[in-house]
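To start, the structure under review is shown below, and the notes come after it.
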Amino acid sequence: MTREVRTVVFDTELKLEAYRFEGIMQKFPNHFHDYYVIGFIEQGKRYLQCGNEEYILNSGDVIIFNPQDPHSCEQVDGRTLDYRCINVQPEVMRHYVQEITGSHYLPRFSQAVLFQSELASPLHDLHQMLLDEQADFQKEELFLFLLEQLLRDYSDAGCTTTAANGRS
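Structure representation (structure tokens):
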């Protein structure tokens, strides 16, 4: 029998919550969260339904759920799921969005799944820093880097991030 491990750490500096699920076989019925979820599949294959879209998730895929996005998922290959995510409360997201864009609002991410995304690696690094409860400036820089990429490429903020920061 596979042992399930669920780890949760709250980072008081960044006000982010890091979840790690290892060895999960559980089906997650349709549900939603009141916060943003930015995560990735570390190992396993899952069927995901988000809104009216269906996806097959594999290792290296990044997922982004907006608050109130209904979603469900279940295994498709009989193997366990290893999954990591960072949960961001709306008021915390608003703070970081203003820091990055200069605008005070809540973004809406346009894609629930980023297949084989290059952002999975830095997301993994940030997640590990949060789990290890590291207290250095690097984790904030990494979070801001990731969020800026997501805002620029996958949200309704798209054009605002470069204008506010003069970066591309």
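Residue 4 is where the sequence shown starts when you use the working numbering, and the numbers rise one by one after that.
Quick reminder that beta carbons are idealized off the backbone N, C-alpha and C, glycines included.
The structure presented is a predicted model; accordingly, all values stated were derived computationally and were not measured.
- Residue Glu-25 holds the alpha-carbon nearest to the alpha-carbon of Arg-82 among Tyr-157, Leu-122, Gly-105 and Glu-25.
- Within the DSSP secondary-structure output, Ile-66 pairs in a beta bridge with Gly-42 and Val-116.
- At a Cβ-Cβ threshold of 8 Å, Ile-41 and Ser-62 do not count as neighbours.
- For Phe-13, the three-state secondary structure derived from DSSP is strand.
- Sixteen is the threshold: when 16 or more other Cβ atoms of the shown chains lie within 10 Å of the Cβ of Glu-151, as they do, the residue is buried.
- Under the 10 Å beta carbon count, Arg-6 is surrounded by fewer than 16 other beta carbons and is classified as exposed.
- A Cβ-Cβ distance of about 7 Å is found for the pair Ala-115 and Glu-56, placing them in contact under the 8 Å criterion.
- Under a 10 Å Cβ-count criterion, Gly-47 is classified as buried, with 16 or more other Cβ atoms of the shown protein chains found around its own Cβ.
- For Arg-49, the enclosing beta strand (DSSP E) stretches over residues 49-53.
- Taking the CA atoms as reference points, Leu-154 sits about 31 Å from Val-79.
- Bridge partners of Gln-78 according to DSSP: Arg-49.
- Secondary structure of Ser-158 (DSSP, three-state): strand.
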